[in-house]
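In the UniProt record's numbering, the protein residues as written are 1 to 773.
Virtual Cβ for every residue (Gly too), placed ideally from N, Cα, C.
Please read the structure below before turning to the comments.
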Amino acid sequence: MAASPSSPLKRPILQKDGHFHDEHGRILHLRGVNLSGNSKLPTSPPGSTHIRCPQFFNHADVSFVGRPFPLNEADEHFGRLRSWGLTFVRFLVTWEALEHDRPGKYDDEFISYLESILTVAAKYGIQVFIDPHQDTWSRFSGGSGAPGWTFEVVGMDVTHFMETGAAYVHQSAQPEDSGHTAWPTNYQKLASSTMFTVFFGGDVFAPDARYRGEPVQEFLQRHFCAAFEYLAKRLHHLPAVIGFEVINEPHFGYIGLPSLHSFDPLKELHYGPVPSALQSMALGAGIPQEIDVYVKSWPWPTRKDHKKIVNEAKVSAWLPGKECIWKSHGVWSHDPTTHLPRTSHPDYFTHRRDGTPINFYTDCYVPFIKRFTHSILAVDPTLLVFFEPIPNEDPPQLRREDDHAQLVYSPHWYDLKAFNSRVTHDVQGLSRGTKNVLAATYFGAAGVKRNYRGQIRNIITTGRATYPSKAILFGECGLPMDMNEKQAYETGDYTQHTIFLDAMIGALEEECVSFTLWNYNPRNDNVWGDHWNGEDFSIYSPKPSATPSPHASRLHSSPATTGEDETPLSPITPFDITAAYFNDQQTDPAHTAHNHHIGGRALDAVIRPYAAKIPGTPHEMKFELETLKFRLAFTTTSNHDSNSPTTTPTTTPIARTAELFIPTYHYPITTSTLADPRGFTVSISDGTWEYDREQQVLTWVYDETYTGRDETDSNNNNNNIATGFGAWWFKPPPKKMGDEEAAEKVLHTITITPTQPPVRDSWWGRLWRGASG
1 MAASPSSPLK RPILQKDGHF HDEHGRILHL RGVNLSGNSK LPTSPPGSTH IRCPQFFNHA
61 DVSFVGRPFP LNEADEHFGR LRSWGLTFVR FLVTWEALEH DRPGKYDDEF ISYLESILTV
121 AAKYGIQVFI DPHQDTWSRF SGGSGAPGWT FEVVGMDVTH FMETGAAYVH QSAQPEDSGH
181 TAWPTNYQKL ASSTMFTVFF GGDVFAPDAR YRGEPVQEFL QRHFCAAFEY LAKRLHHLPA
241 VIGFEVINEP HFGYIGLPSL HSFDPLKELH YGPVPSALQS MALGAGIPQE IDVYVKSWPW
301 PTRKDHKKIV NEAKVSAWLP GKECIWKSHG VWSHDPTTHL PRTSHPDYFT HRRDGTPINF
361 YTDCYVPFIK RFTHSILAVD PTLLVFFEPI PNEDPPQLRR EDDHAQLVYS PHWYDLKAFN
421 SRVTHDVQGL SRGTKNVLAA TYFGAAGVKR NYRGQIRNII TTGRATYPSK AILFGECGLP
481 MDMNEKQAYE TGDYTQHTIF LDAMIGALEE ECVSFTLWNY NPRNDNVWGD HWNGEDFSIY
541 SPKPSATPSP HASRLHSSPA TTGEDETPLS PITPFDITAA YFNDQQTDPA HTAHNHHIGG
601 RALDAVIRPY AAKIPGTPHE MKFELETLKF RLAFTTTSNH DSNSPTTTPT TTPIARTAEL
661 FIPTYHYPIT TSTLADPRGF TVSISDGTWE YDREQQVLTW VYDETYTGRD ETDSNNNNNN
721 IATGFGAWWF KPPPKKMGDE EAAEKVLHTI TITPTQPPVR DSWWGRLWRG ASG
């Protein structure tokens, strides 16, 4: 959590020696969510991708007011996130939401709405960084992000992308189409690939393309940076806002593509119709093509199944009077005899016109990072700027002149094959070619942990080697909640999800890196999930009774809710089970956080103790879900002078204070634990501690005169703990120093143990753990 609720962190957040720091020098562990998946979609007209809305292509007349939730729900949702210890938020704002009408005209009503929402966030100690979110460039190319007018800049017609195979667009798909998981294939289709190519490399690959007399690359980049610079000017004064991201999951488009004749199946998802780049260009120009069609398989993700004729109607993806931008630049031509596309430059996108090779990161992406960073820091030099590589790729190299002290490395990671109950795969190893299918396959719970730990550690190790001084925050990581054909929605058993999420979060904790989970979506339901392209990742899904009335005012509601509510939720909802558990078991009337748990998914793994602020160098942070035992260890530099009989304190108490989130969710006071006022016992090596149950925050001030480590059994230590909320003092005899190095570093430890052993489990969990050892 960015700040413990009892003491909201003040800006700026600093980064040094690979960690975030506060103004007292304490290391920060930032933890939270992406808010929200529904922010990709407008509220008016209804934006849910399963809705065939006749106004969809009227892209200038939209509104995102009400995203991520109505203003009158802000206290509820920010209060829930705070009670779950998730107080650092990656806040999604699309370029389209800011500048949908026309170039240079911003939606001030929406920006004012954001100001109101983020003002409420600060009340709960929640901090945010703004994510200029995109997926496959835009809603009109099957994803989210850029305004519709950006396609007009290059002459494309958004109304014909589906027929021409230029994009798979859910809003244009027929009911019989299988679009679930198809949207990532848009990255190698014509619309998305063209836009990313001209955005990052238009000056190199489409130098003759101009819009309003300006090169298309400059026109697009200038407007993108200006839009978010304008937003920064409106928001940077808010206490909750600490930074901006450059762009979500950048993509190279065609840049670096070795051949126009094929894509690499290990790097680019092959699913459904998979045209080559050359075939895509021909399809967009109205030339029918016979395309390979891929279906899901095992052990490979997909396999070629059959062929299909696409664009038999000979529709063009280009506006009247406009020609394919790649044809006009000589990339390809049409053979009048064979009626097939042809190219004499299959490697066109691998080099400049003078023949020198081009690198997407060095020549295209890094210069854009530098440009965007300059725009944001010109508004406020204390803001952090987060950047990331293409998913599953190594971080870009930053030269000294491109780097900046405010840049933060923020990679993403998912297990996109966590769909089979007892098998996981090292997708990272497969995509990089470092493992074959057998070596990349893991079985059981122990295998999940090894797999996730290895993949996440690889990302962190590479990041730290590339950027030694930068902190690392995983901007996205999460799990599809509809895995195993949505069985959990009918049974209420999220054991499998819990095992996967616990393995993922545990691996991140082991490396002491910050993260924001994907995602918290207050409009999620059991039928349409996150309401975007069939995804269902939200860790929260409201009960049907919590659905806002469609008659609420526009400012305080999401108009898209009207369309979303046309399909009712499943009559069986597992969240009633959650509610019943807490209503029956919880006997702590003074604590209201448990009402927030209703609607949560896999909360056993999501809600967990952790150290938000550490007054030393992290040595270990580990939570064992099976036993609910939590341990934190960190080291400090001893100021003990062996020639002096006493040690003089050299730091302030606040600089020696660790702040831990200890959730009542895992440590409740029930009828069987009323004798204990906390629900857990504490063992510390030194110092004093105090627990605020209402805030769920344990503060521990280490003893600066302590010079060793205590090995006493925690059960013995627990006998010395007072029964009230007050602190206690434990000072073991100093450890004998064997050498100079041992004298310089002091290890401080704290262990949290539940008063009562955990009882929440299922037959599936017992079977899994029994089989996996």
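Residue i - containing alpha helix (DSSP H), residue span
i, result
"Ile51", "That residue, Ile51, is in no alpha helix (DSSP H); it is neither H nor E in DSSP."
"Ala488", "Met483 to Thr491"
"Leu231", "Val216 to Leu235"
"Lys304", "Run containing Lys304: none in the alpha helix (DSSP H); it sits in the beta strand (DSSP E), Thr302 to Val310."
"Tyr113", "Asp108 to Lys123"
"Ala633", "First-last for Ala633: Lys629 to Thr637, but that is the beta strand (DSSP E), not the alpha helix (DSSP H)."
"Gln496", "Thr495 to Glu510"
"Gln289", "Counting along the chain, Gln289 falls outside any alpha helix (DSSP H), though it belongs to the beta strand (DSSP E) covering Gln289 to Lys296."
"Leu14", "Note, Leu14: premise wrong, no alpha helix (DSSP H); beta strand (DSSP E) at Leu14 to Lys16."
"Ala78", "Residue identity differs from the one stated: residue 78 is Phe in this sequence, not Ala. Unbroken alpha helix (DSSP H) run through Phe78: Ala74 to Ser83."
"Leu278", "Ala277 to Gly284"
Inter-residue Cα distance where the pair is residue i and residue j
i, j, result
"Arg554", "Thr43", "Low local confidence applies: a pLDDT of 30 at Arg554 is under 50, so the model's placement there is unreliable, with the coordinate-based value given in what follows. Roughly 9 Å between the two C-alpha positions."
"Ala503", "Val310", "43 Å"
"Ala727", "Val682", "Annotation note: pLDDT 31 at Ala727 (below 50); position unreliable, no value reported."
"Phe360", "Gly256", "7 Å"
"Ala209", "Leu266", "32 Å"
"Ile247", "Thr194", "17 Å"
"Asn595", "Arg371", "45 Å"
"residue 777", "Arg656", "As shown, the chain starts at 1 and ends at 773. That puts residue 777 outside it, with no answer to give."
"Leu383", "Pro132", "15 Å"
"His202", "Thr350", "The question names His, but residue 202 in the sequence shown is Gly. Their Cα atoms are separated by approximately 13 Å."
"Asn715", "Pro618", "Caution applies to Asn715, whose pLDDT of 38 falls short of 50 and renders its modelled position unreliable; the value that the coordinates give is listed next. Taking the straight line joining both Cα atoms gives about 24 Å."
"Ser144", "Val198", "18 Å"
"Val33", "Trp149", "31 Å"
"Glu690", "His77", "28 Å"
"Ala546", "Thr705", "Unreliable positioning characterises Ala546 in this predicted model, as indicated by a pLDDT of 34, which lies under 50. The coordinate reading is nonetheless provided below. Ala546 and Thr705: Cα-Cα distance of roughly 53 Å."
"Arg137", "Val169", "Before going on, a small fix: residue 137 reads as Trp here, not Arg. When rounded, the distance between both Cα atoms is 12 Å."
"Ser172", "Met162", "7 Å"
"Gly24", "Ser638", "Here residue 24 turns out to be His, not Gly, going by the sequence shown. Taking the straight line from one Cα to the other gives about 18 Å."
"Leu14", "Ile242", "10 Å"
"Asn458", "Phe20", "20 Å"
"Ser344", "Lys307", "25 Å"
Where the beta strand (DSSP E) through residue i begins and ends
i, result
"Cys477", "Glu476 to Gly478"
"Trp689", "Thr688 to Asp692"
"Gly243", "Val241 to Glu245"
"His619", "Thr617 to Glu624"
"Val93", "Phe88 to Thr94"
"Pro389", "No beta strand (DSSP E) holds Pro389; DSSP gives it neither H nor E."
"Trp413", "His412 to Tyr414"
"Arg31", "Arg31 to Leu35"
"Leu698", "Val697 to Val701"
C-beta contact flag for residue i and residue j at 7 Å
i, j, result
"Tyr113", "Val65", "yes"
"Leu260", "Leu278", "yes"
"Tyr254", "Tyr271", "no"
"Ile117", "Thr87", "no"
"Ala317", "Thr164", "yes"
"Phe91", "Val128", "yes"
"Trp680", "Pro754", "Strictly speaking, residue 680 in this sequence is Phe, with Trp absent from that position. A contact, by the Cβ cut-off of 7 Å."
"Ala191", "Ala206", "no"
"Ile750", "Ile684", "yes"
"Pro288", "Glu312", "yes"
"Trp528", "Lys40", "no"
"Arg608", "Lys622", "no"
"Leu747", "Leu698", "no"
"Phe244", "Val385", "yes"
"Asp375", "Cys225", "Correcting the residue identity first, residue 375 is Ser in this sequence and not Asp. Yes. Within cutoff."
Residue-level contact to chain D via CB, residue i, 7 Å cutoff
i, result
"Thr43", "You won't find chain D in this structure, because it holds only one protein chain."
Quick check on the DSSP output: what are the complete beta strand (DSSP E) runs of length 3 or more inside the stretch 132–213, in order along the chain? The stretch 132–213 contains no complete beta strand (DSSP E) run of 3 or more residues.
Looking at C-beta atoms only, is the number of pairs between the stretch 18–34 and the stretch 392–406 that lie closer than 8 Å three or more? The stretch 18–34 is not in contact with the stretch 392–406.
Under 8 Å, with one C-beta from each stretch per pair, do the stretch 289–304 and the stretch 320–339 reach the 3-pair mark? Contact fails: fewer than three Cβ-Cβ distances are below 8 Å.
Are the stretch 514–528 and the stretch 155–173 touching by the rule of at least three beta carbon pairs closer than 8 Å? For the pair of segments examined, the stretch 514–528 was found not to touch the stretch 155–173: the number of CB pairs separated by less than 8 Å stays below three.
Do three or more CB pairs link the stretch 600–618 to the stretch 482–500 at distances below 8 Å? The stretch 600–618 vs the stretch 482–500: in contact.
If you scan the stretch 516–546 from start to end, which runs of the alpha helix (DSSP H) of 4 or more residues do you find wholly inside it? For the stretch 516–546, not a single whole alpha helix (DSSP H) run of length 4 or above is found.
Within the chosen definition, does the stretch 506–515 reach the stretch 472–481 through at least 3 CB pairs nearer than 8 Å? Contact holds: three or more Cβ-Cβ distances are below 8 Å.
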